[in-house]
Amino acid sequence: SRRKRQPALLPSLFPGVPAALNFAAEGEFLEPASSPVLERTRRQLLKWRLSPATPGVVRRVVARSGFKFLPKSDEWLGYFGRHMKPAEFSAIREYQKVNHFPGSFTLGRKDRLWQGLRRFRVKYGDFFDIAPATYCLPDDLLALRQAWEAVASNLDTSISAASASSVSSTSSFSSGSASDANLDCSGSPMWILKPPASCRGQGIRLLNKWHQVPKRRSALIQGGPKTQRGGERRPFR
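For the record, in the sequence shown the residue sitting at position 17 is 17 according to the UniProt record's numbering, with numbers rising by one throughout.
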């Protein structure tokens, strides 16, 4: 099949703003610039800082768009990889584009995002009640156990309230709590297990048995729709 021709530069929609580089999608190719001199200059400047964490789909798009990969160089236009150190951020030039910004872990890491939402929920109430009840393991293991027992026994208990008032603890459970066997019944609602600092769906799985819950390593557990407020799906505000 024939590939679709696309312009190498996209004119801005706003007056006085320079044109932007175009990127070729699958099945496309970029036509040369309007003059040989401009095309030669464009190709000399198309340099991309490569990282082991750069996803394959990004590499393919960048390669199709005429960029050269430079593992070690300060002369680059774009970077897509791991979070940079503060010193690296301070050295970025105004024309260089990266996929992170200082402090982006506050949003990018699931555990830190939930901790921030929980703080704002305490301060501002239901206005920040926009996410399922989340438990950061192993610190919230006791609170998760209590919520799990409440759901497994069909108690009319708000999991969100249990999570918001959770006290970080990995102490042993009381002798009066439900046995592990009772919490492993096949009819238990589904919970979602997530790594705290991964992306693109890696490491996410469903579980409904207590023995599947990691007790010592870092992980996040979230209640699914059927574990929220008496089985009703919570509206997203």
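The beta carbon of each residue, even a glycine, is placed where N, CA and C say it ideally should be.
Given the structure is predicted, the values throughout are model-derived calculations rather than measurements.
For residue i, the first and last residue of its enclosing beta strand (DSSP E)
i, result
"Thr134", "Thr134 to Leu137"
"Leu70", "Lys68 to Leu70"
"Leu193", "Trp191 to Lys194"
"Arg205", "Arg205 to Leu207"
"Glu31", "From DSSP, Glu31 is part of no beta strand (DSSP E); its letter is neither H nor E."
"Gln202", "Unbroken run through Gln202: none, as it is neither H nor E."
"Arg5", "Lys4 to Gln6"
Check: residue i C-beta below 7 Å from any heavy atom of the ligand GDP
i, result
"Arg60", "As far as ligands go, the structure on display features none, and thus does not contain the ligand GDP."
CB contact check: residue i to chain B, cutoff 8 Å
i, result
"Arg93", "Reference to chain B is not applicable here, since this structure consists of a single protein chain."
Beta-carbon contacts of residue i that lie in its chain and below 7 Å, excluding the five residues immediately before and after
i, result
"Arg43", "Gly66"
"Arg112", "Phe105 and Thr106"
"Phe89", "Pro102"
"Phe120", "Phe128"
Same chain, Cβ closer than 8 Å to residue i, five either side skipped, listed in chain order
i, result
"Phe173", "Unreliable placement is indicated for Phe173, whose pLDDT of 46 sits below 50; no coordinate value is reported for it."
"Ala8", "Leu21, Asn22, Leu30, Glu31, Pro32, Ala33, Glu39, Arg42 and Gly66"
"residue 256", "Since the first residue of the chain shown is 1 and the last is 237, residue 256 is not available in this structure."
Residue environment, residue i, which counts as buried when at least 16 other CB atoms sit within 10 Å
i, result
"Pro18", "exposed"
"Val151", "buried"
"Tyr95", "exposed"
"Leu13", "exposed"
"Val57", "exposed"
"Ala25", "exposed"
Segment limits, alpha helix (DSSP H) that includes residue i
i, result
"Gly223", "Counting along the chain, Gly223 falls outside any alpha helix (DSSP H), though it belongs to the beta strand (DSSP E) covering Ala219 to Gly223."
"Gln44", "Pro36 to Leu45"
"Lys123", "Lys110 to Tyr124"
Short Cβ contact (8 Å threshold) for residue i with residue j
i, j, result
"residue 258", "Lys97", "This structure cannot speak to residue 258, because the chain is shown only from 1 to 237."
"Leu110", "Leu220", "In the sequence under discussion, the amino acid at residue 110 is Lys, which differs from the Leu named in the question. Their beta carbons are under 8 Å apart, which means Lys110 touches Leu220 by this criterion."
"Pro71", "Leu46", "no"
Beta bridge counterpart(s) of residue i as assigned by DSSP
i, result
"Tyr79", "Arg49 and Val98"
Neighbourhood of residue i by C-beta distance below 6 Å, restricted to the same chain and skipping five residues each side
i, result
"Gly203", "Pro195"
"Ser169", "Below a pLDDT of 50, predicted positions are generally treated as unreliable, and Ser169, at 46, falls in that range; the measurement from the model is reported next regardless. So the qualifying residues of the chain are Leu142."
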